[in-house]
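Numbering (mature numbering (1 follows the signal peptide of the UniProt record, and there is no 0)), first residue to last: -23 to -1, 1 to 261.
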């Protein structure tokens, strides 16, 4: 996965495929493995669970991006225009925050819907789970990115993104599909497995996390929608990985313990929840 300070009508076929991506996360086995003893790890770095040969084939999974002058491209441009109107708003500020994929900052993008503060100290399995899933989901998007090499919105419209310092690194990295969205959607699914009672809130945050890339002016809507398919395939692949399942079970236990200890999110969750509901009017 590329490491950056911030990472790291639509075709009918895509709409049908998205219905599968939005479906509930895969179920766990009846008897999940016991949580292993947490081992020390360096903050900010982690390898994924999957070997390169085990990653989903994003080039096979996603359809080609909308062609120039197509209805899909027209919708992309309409949504982008609506997103540009949000610059300077709290939603634009949230998009800039959501762009950060380095840990420990990235560990708490979903802390509000989860209801706890995530840290390497208090929730080591959960922390590691988020790190490693991010690597897998981000890497899974790279094959299609490199093949299609779609220019990003800020390159097309000449307007600044929400992370101008990252634009030089983003320019040579294709927009379609969105790596951030693949990561955020995978996080939402995996966290829903760890805490099924909070699935609605977690998946809503997963949607808004991807939409932050539209608001940021670094991705088209089609980039974001296609990435949900990549994320869903990544999470499906993870189900057979013993290390993933052990960390997932450890995360389940840590979430309950953190709530019992009153380790609540260190942010204004009411404000974040309200802000994430602001979205371009034409966004799907």
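Glycine included, every Cβ here is placed at the ideal spot set by N, Cα and C. Everything numeric in this text was worked out from a predicted model, so none of it was measured.
Helix, strand or coil at residue i [DSSP, three-state]
{"i": "residue 250", "result": "helix"}
{"i": "residue 46", "result": "coil"}
{"i": "residue 245", "result": "coil"}
{"i": "residue 258", "result": "coil"}
{"i": "residue 157", "result": "helix"}
{"i": "residue 130", "result": "helix"}
{"i": "residue 164", "result": "helix"}
{"i": "residue 177", "result": "helix"}
{"i": "residue 148", "result": "coil"}
{"i": "residue 25", "result": "coil"}
{"i": "residue 96", "result": "coil"}
{"i": "residue 135", "result": "coil"}
{"i": "residue 143", "result": "helix"}
{"i": "residue 34", "result": "coil"}
{"i": "residue 239", "result": "coil"}
{"i": "residue 121", "result": "helix"}
Per-residue burial, residue i [other beta carbons within 10 Å of its own, 16 or more giving buried]
{"i": "residue 248", "result": "exposed"}
{"i": "residue 205", "result": "buried"}
{"i": "residue 122", "result": "buried"}
{"i": "residue 171", "result": "buried"}
{"i": "residue 118", "result": "buried"}
{"i": "residue 107", "result": "buried"}
{"i": "residue 38", "result": "buried"}
{"i": "residue 30", "result": "exposed"}
{"i": "residue 28", "result": "exposed"}
{"i": "residue 194", "result": "buried"}
{"i": "residue 245", "result": "exposed"}
{"i": "residue 49", "result": "buried"}
{"i": "residue 24", "result": "exposed"}
{"i": "residue 136", "result": "exposed"}
{"i": "residue 120", "result": "buried"}
{"i": "residue 154", "result": "buried"}
{"i": "residue 111", "result": "buried"}
Beta carbon of residue i nearer than 8 Å to that of residue j
{"i": "residue 242", "j": "residue 93", "result": "yes"}
{"i": "residue 199", "j": "residue 43", "result": "yes"}
{"i": "residue 125", "j": "residue 151", "result": "yes"}
{"i": "residue 226", "j": "residue 103", "result": "no"}
{"i": "residue 174", "j": "residue 212", "result": "no"}
{"i": "residue 240", "j": "residue 202", "result": "no"}
{"i": "residue 235", "j": "residue 100", "result": "yes"}
{"i": "residue 26", "j": "residue 220", "result": "yes"}
{"i": "residue 85", "j": "residue 197", "result": "no"}
{"i": "residue 252", "j": "residue 89", "result": "no"}
{"i": "residue 77", "j": "residue 83", "result": "yes"}
{"i": "residue 60", "j": "residue 160", "result": "no"}
{"i": "residue 167", "j": "residue 35", "result": "no"}
{"i": "residue 131", "j": "residue 146", "result": "no"}
{"i": "residue 179", "j": "residue 91", "result": "yes"}
{"i": "residue 169", "j": "residue 72", "result": "no"}
Q | Entirely enclosed alpha helix (DSSP H) segments - the stretch 184 to 227, minimum 4 residues | A | 198 to 215
Q | Entirely enclosed beta strand (DSSP E) segments - the stretch 37 to 90, minimum 3 residues | A | none
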